[in-house]
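Here my numbering runs 152 ahead of the position in the sequence shown, where the first position is 1.
Backbone N, C-alpha and C fix where the C-beta goes; we use that ideal spot for every residue, glycine too.
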Amino acid sequence: MDKLIVANWKANLSLPQAEQWLADFGAGYTPHKGIRVVLAVPFPFLYPLREKLKTLTGISWAAQDVSPYPPGNYTGAVPAAWLNGCVDYALVGHRERRRYFHESIQEVANKISEALAEDIRPILCVERDMSRQQAAAVESADLERLRVAYTPADAEQLEIVRNISVVAEAVRHIGEIFPGCPVLYGGGVNAGNAAELLKLPQVAGVMAARGCLDPHSFIQLVRNAAESTGS
153 MDKLIVANWK ANLSLPQAEQ WLADFGAGYT PHKGIRVVLA VPFPFLYPLR
203 EKLKTLTGIS WAAQDVSPYP PGNYTGAVPA AWLNGCVDYA LVGHRERRRY
253 FHESIQEVAN KISEALAEDI RPILCVERDM SRQQAAAVES ADLERLRVAY
303 TPADAEQLEI VRNISVVAEA VRHIGEIFPG CPVLYGGGVN AGNAAELLKL
353 PQVAGVMAAR GCLDPHSFIQ LVRNAAESTG S
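Written out as structure tokens, the structure is:
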């Protein structure tokens, strides 16, 4: 199974900035066997940006969120059905969605079901303290089709990977709660530490936020990741 390197832009890049990011990334990116780069970009950018990188291999696209509802009278929602064929993955339950948009554990579980019904693979984001509750809310048939991304609850730790052994233990713990699910780590991931993180046998990939906003740094992150896995 490929190691996933997820770039979550969040709401940091405007469309002109995103187009420049892709131009710089496309000029320096080299695909690596065993590495899958996943670009999680805002909804309005998905269709125009996909066209700009369609000739590159080893790239997948992700929605940063998805509606917990099917198409219908849900103003402002983006149903999974509208993303079918456009993205391979969707982030669900991101820390910021739970915190700022007050998403419940059940809403996140509903998003998982909606995404999977459209053949979109959810990347379920969890913190340690609520991970068991979240796992209990997910349909048992859906659990085996998830990727899980562990992110620390502490905001400072999200920017700095302090102790690799702490990361290893936390990812192992999440893996026990979601048995059989590949577990990614997201928290302070950058070009300087991605290789060390991916050497951990428990880690199936990494998710970068601030560490992906500069395309040149992100290219280096991908290269370092590939070297660490022998790709």
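Checklist entry - Below 9 Å between beta carbons: does that hold for Ala301 and Ala267? => result As a working note, residue 301 is residue 149 in the sequence shown. As a working note, residue 267 is residue 115 in the sequence shown. No. Outside cutoff.
Item to check | Whole-angstrom C-beta distance between Val244 and Pro274, which should lie under 8 Å | outcome: Locating residue 274 in the sequence shown gives position 122, counting from the first residue. Locating residue 244 in the sequence shown gives position 92, counting from the first residue. About 5 Å separates the two Cβ atoms, so the contact holds.
Checklist entry - What number of angstroms, rounded off, separates the C-alpha of Ser369 from the C-alpha of Thr207? => result The count along the sequence shown starts at 1 and reaches residue 369 at position 217. The count along the sequence shown starts at 1 and reaches residue 207 at position 55. One C-alpha to the other measures close to 22 Å.
Checklist entry - Straight-line CA distance for Ile187 to Glu248? => result For the purposes of this step, residue 187 is taken as the residue at position 35 of the sequence shown. For the purposes of this step, residue 248 is taken as the residue at position 96 of the sequence shown. Cα to Cα, Ile187 sits roughly 27 Å from Glu248.
Next on the checklist: Tell me the rounded alpha-carbon separation between Ser380 and Lys204.
Outcome noted: Locating residue 380 in the sequence shown gives position 228, counting from the first residue. Locating residue 204 in the sequence shown gives position 52, counting from the first residue. For Ser380 and Lys204, the distance between alpha carbons rounds to 29 Å.
Checklist entry - Under three-state DSSP, which class holds Val374? => result To locate residue 374, count along the sequence shown from 1; it is residue 222. The answer is helix: DSSP assigns Val374 an H, G or I state.
Checklist entry - How many angstroms separate the CA atom of Ala293 from the CA atom of Ser219? => result Taking the first residue of the sequence shown as 1, we reach residue 293 at position 141. Taking the first residue of the sequence shown as 1, we reach residue 219 at position 67. Each residue's Cα considered, the two are about 20 Å apart.
Checklist entry - For Val158 versus Gly344, is the C-beta distance shorter than 9 Å? => result Translated into positions along the sequence shown, residue 158 becomes position 6. Translated into positions along the sequence shown, residue 344 becomes position 192. Not in contact: Val158 and Gly344 (Cβ atoms no closer than 9 Å).
Next on the checklist: My assumption, with CB atoms under 8 Å, is that Arg280 sits in contact with His246. Please give the rounded CB distance.
Outcome noted: Within the sequence shown, residue 280 is the residue found at index 128, counting from 1. Within the sequence shown, residue 246 is the residue found at index 94, counting from 1. Between His246 and Arg280 the Cβ distance is about 15 Å, and since that is not below 8 Å, they are no contact.
Checklist entry - What's the C-alpha gap between Phe330 and Pro367? => result Here residue 330 is taken as the residue at index 178 of the sequence shown, counted from 1. Here residue 367 is taken as the residue at index 215 of the sequence shown, counted from 1. Roughly 32 Å between the two C-alpha positions.
Item to check | Sub-9 Å separation of Val341 and Met359 beta-carbons | outcome: Here residue 341 refers to the residue found at position 189 of the sequence shown. Here residue 359 refers to the residue found at position 207 of the sequence shown. Yes, Cβ-Cβ distance for Val341 and Met359 is below 9 Å.
Checklist entry - Based on the DSSP secondary-structure assignment, which residues constitute the bridge partners of Asn236? => result On the sequence shown, position 84 is the one that residue 236 refers to. Paired residues: Val239.
Item to check | Coil, strand or helix - Trp173 by DSSP | outcome: Here residue 173 corresponds to residue number 21 of the sequence shown, with the count starting at 1. Three-state result, Trp173: helix.
Checklist entry - Just how far apart, CA to CA, sit Arg378 and Pro183? => result Within the sequence shown, residue 378 is the residue found at index 226, counting from 1. Within the sequence shown, residue 183 is the residue found at index 31, counting from 1. In the sequence under discussion, the amino acid at residue 378 is Ala, which differs from the Arg named in the question. Cα to Cα, the separation comes out at about 9 Å.
Next on the checklist: In this structure, how does DSSP classify Lys263 when only helix, strand and coil are distinguished?
Outcome noted: Mapped onto the sequence shown, residue 263 falls at position 111. Residue state, collapsed to three classes: helix.
Checklist entry - Looking only at DSSP bridge pairs, what is Asn160 linked to? => result Within the sequence shown, numbered from 1, the residue matching residue 160 stands at position 8. Note: Asn160 sits in a beta bridge opposite Ala192.
Item to check | C-alpha distance - Thr303 paired with Ile272, whole-angstrom precision | outcome: Position 151 of the sequence shown, counted from the first residue, corresponds to residue 303. Position 120 of the sequence shown, counted from the first residue, corresponds to residue 272. About 21 Å.
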